[in-house]
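Asks: Residues 0 to 419 in numbering that gives the first Met the number 0 are what the sequence shown spells out, letter by letter.
Where is the CB? At the ideal position from N, CA and C, for every residue including glycine.
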Amino acid sequence: MSHSAHSEGRTTLADYRAALRAPGSRRPVVASVLARLPIAMIGISALLYVQRETGSFAAAGLVSASSLVGVSVGAVVQGRLIDRYGPTRPLLAVVALFVVSMAALAVAIEAHAATFVLVALAAATGLSEPMIGSASRALWTKLLPEGSARNAAFSYEAISMEVFFILGPGIAGLLITAPWAGTGMVVGAAAMATGATVFALSPAVRAWGPAPRAKSRLLGALAGPGMRTLAVAALGFGVVIGFVEVAVPAAATESGHAALSGLLLSAWSLTSVAFGVAYSLHPWPRRLGLRLPALLGGFGALVALLALPSSLWGLALLMLLAGALITPQSTTHSTAIEVVAPSGTAAEAFGWVLTAVTLGLAAGQSVSGYLVEHAGPSASFLAAGAAGLALAAVVWLMRGTVRQQAPEPTDSGELVPAGR
0 MSHSAHSEGR TTLADYRAAL RAPGSRRPVV ASVLARLPIA MIGISALLYV QRETGSFAAA
60 GLVSASSLVG VSVGAVVQGR LIDRYGPTRP LLAVVALFVV SMAALAVAIE AHAATFVLVA
120 LAAATGLSEP MIGSASRALW TKLLPEGSAR NAAFSYEAIS MEVFFILGPG IAGLLITAPW
180 AGTGMVVGAA AMATGATVFA LSPAVRAWGP APRAKSRLLG ALAGPGMRTL AVAALGFGVV
240 IGFVEVAVPA AATESGHAAL SGLLLSAWSL TSVAFGVAYS LHPWPRRLGL RLPALLGGFG
300 ALVALLALPS SLWGLALLML LAGALITPQS TTHSTAIEVV APSGTAAEAF GWVLTAVTLG
360 LAAGQSVSGY LVEHAGPSAS FLAAGAAGLA LAAVVWLMRG TVRQQAPEPT DSGELVPAGR
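1. Kindly indicate which three-state DSSP category Thr11 falls into: helix, strand or coil?
2. Look at Met184 and Ala348 and say whether their C-beta atoms are less than 8 Å apart.
3. Would you mind sorting Phe153 into buried or exposed? The rule is 16 or more other CB atoms within 10 Å of its CB.
4. Tell me, please, whether the CB atom of Pro284 is closer than 8 Å to any CB atom in chain C?
5. For the 8 Å Cβ check, are there 3 or more pairs between the stretch 191–207 and the stretch 87–98?
6. How is the alpha helix (DSSP H) around Met464 delimited, first residue to last?
7. How big is the Cα-Cα spacing for Ser367 and Ala17?
8. Whose CA, out of Thr124, Gly288, Pro341, Ser365, lies closest to the CA of Ala95?
9. Looking at the structure shown, is Thr344 part of a helix, part of a strand, or coil, going by DSSP?
10. Would you call Ser44 buried or exposed, if buried means 16 or more other Cβ atoms sit within 10 Å of its Cβ?
11. So, helix, strand or coil for Trp139, using DSSP?
12. Out of curiosity, what's the CA-to-CA distance linking Gly172 and Leu12?
13. Is the beta carbon of Ala251 sitting closer than 8 Å to the one on Leu259?
14. Measure the CB-CB distance between Arg136 and Ser333 and report whether it falls below 8 Å.
15. Would DSSP call Ser71 helix, strand or coil?
16. Please report the distance separating the alpha-carbon of Pro22 from that of Tyr15.
17. To the nearest angstrom, report how far apart Asp410 and Val371 are at their CA atoms.
18. Express the C-alpha separation of Ala188 and Val98 in angstroms, rounding to a whole number.
19. Is the beta carbon of Leu294 less than 8 Å from the beta carbon of Ala321?
20. Can the beta-carbon of Ala122 be found closer than 8 Å to that of Ser63?
21. Taking the alpha-carbon of Leu264 as reference, which of Ala303, Ala315, Val76 has the nearest alpha-carbon?
22. Any chance the stretch 70–86 sits against the stretch 140–147, with 3 or more Cβ pairs inside 8 Å?
23. Helix, strand or coil: how does DSSP classify His373 here?
24. Consult DSSP for Val76 and reduce its assignment to one of helix, strand or coil.
25. Verify whether the separation of the beta carbon atoms of Val238 and Ala362 is less than 8 Å.
26. Which of the three DSSP states is assigned to Ile175 in this structure?
27. Can you tell me the Cβ-Cβ gap for Ala391 and Gly299, rounded? I've got them flagged as a contact below 8 Å.
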C-alpha cells in the first residue's frame with residue numbers, strides 16, 4: 000500500500016465486517032473483549048474497596064495512582080517482551096503474576112494493612128495487568144494484509160476500548176453495593192485473567208512467533224522520531240482528559256448535584272463512540288502528520304468551551320460536542336503506529352502510546368485538582384484547552400517525522416519494514 004493511502008486510513012462498514020470475520024480472529028476477539036472489559040472497572044472497584052475498608056479517600060487515591068504507574072511501566076515492558084518472544088509465553092507469565100498480586104492486595108485490604116503495603120501491591124497489580132490491548136492490536140497485522148480492513152480493525156480496537164470505559168465504571172458502581180465491597184475488584188480480575196489466558200492460548204496467537212528485529216537499541220520503539228511525535232500527541236490527549244475528569248465532578252458538586260458527575264462524563268463517551276465510527280469512514284486531514292495536531296488542537300479548543308456554561312445542562316451539551324474527538328484520536332494513534340514504529344516493535348509501540356496517555360492523565364488530574372480547589376472548575380477547563388493547544392503546536396512542529404520508516408537491517412542482516 001502506498002504511504003498516502005496508508006496515512007489516509009479510510010474504511011467502510013464492509014471493512015469492519017471483513018476484519019471481524021478474518022480467519023482465526025473469532026476466538027482472540029471474544030477473549031480480548033472479556034479481558035479488556037474490566038480495564039476501567041478494576042481500578043474504580045479497587046479505589047472504592049480501599050475507601051470502604053480504610054475510610055480514607057487519601058489512601059484510596061494513593062492506591063489508585065500507584066496502580067496507574069504500574070500500568071504505565073508494564074505496558075512498555077510487556078510490549079517489548081511480546082515483540083521479542085511472541086505473545087503466548089509473556090501473557091501467561093503475567094497472568095499468573097497478576098492473579099497472585101490481586102489476591103495479595105485483597106488480603107491486605109481485608110487485613111487493614113499499612114498504606115505503603117497497599118500502594119506496593121497496587122503497583123504490582125498494575126505492572127502485571129495483562130496488556131491484551133497491545134497484543135490484540137498487533138495481532139491484526141498478522142491476520143490481515145495492509146489496507147482498509149486492517150484500518151477498520153484498528154478503529155474497532157479504539158471504539159471497543161471506549162465502550163469498555165463507558166461500561167466499566169457502571170459495573171463497578173453496581174458491584175460495590177454487593178455484600179462484600181471487594182466483589183467488583185475480584186470479578187474484574189477474574190474476567191481479565193480468564194480472557195487473557197484464552198487469548199494467549201488461541202491458535203492464531205500461538206502461531207505468532209517472534210518478530211524479525213532490527214539491531215537492538217536502548218530506546219526500542221521510541222528510537223523512531225515519528226514514535227516520539229506520536230507519544231507527545233498521546234500525552235496531550237491524556238492531559239486534556241485528566242483535567243476534565245477532575246473538573247467535571249467539581250462542577251457538578253459546586254452546582255449541588257455531585258451524583259450527576261458520572262453521567263456527565265459518560266455523555267462525552269457516548270458521542271465518542273458514535274462519531275468514532277463515522278470519522279473512520281472519512282478521516283480528515285488525510286495526512287497523519289497533520290491529523291495528529293489537528294485532532295488534539297480541536298479537542299483542546301472544544302474542552303476550553305466547557306468553561307462557558309453556567310448550568311449543568313449547558314455543560315452536558317458541550318461535553319457531547321467535545322467527546323466527538325476522543326475516539327478519532329485513539330484510532331489515529333493506532334493507525335500511526337503502522338507508519339512510525341521501528342521494525343519489530345508494534346506491541347511495544349502501542350505500549351508507549353498507553354504509557355503516554357496514562358502519564359498525561361496523571362498530570363492533568365494533578366494540576367486540575369489544584370486549580371478547581373483554588374480557582375474553580377472553569378479555570379481547569381481553560382487550562383485543559385491551553386495545554387491541548389500548546390501540545391498540538393509541538394506536534395505540528397514535529398509533523399515532518401510522521402512518515403513511513405525506511406527498512407532496517409535485523410541482527411541477521413535481513414531488511415524489514417516499519418511496524419512489523
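Replies: From the atom records:
1. Coil.
2. no
3. When all chains shown are included, Phe153 counts as buried.
4. Absent from the structure: chain C. Only one protein chain is present.
5. yes
6. The displayed coordinates of the chain run from 0 to 419. Any statement about residue 464 would go beyond what the structure contains.
7. 43 Å
8. Thr124
9. Note: Thr344 maps to coil in three-state DSSP.
10. buried
11. helix
12. 34 Å
13. yes
14. Yes, the Cβ-Cβ distance between Arg136 and Ser333 is below 8 Å.
15. helix
16. 14 Å
17. Model confidence at Asp410 stands at a pLDDT of 48, short of 50, so the residue's coordinates are unreliable and nothing is read from them.
18. Taking the straight line from one Cα to the other gives about 7 Å.
19. no
20. no
21. Minimum Cα distance to Leu264 is reached at Ala315.
22. no
23. DSSP, read as helix, strand or coil, puts His373 in helix.
24. helix
25. yes
26. coil
27. Your pair Ala391 and Gly299 checks out as a contact, with CB atoms roughly 6 Å apart and the cut at 8 Å.
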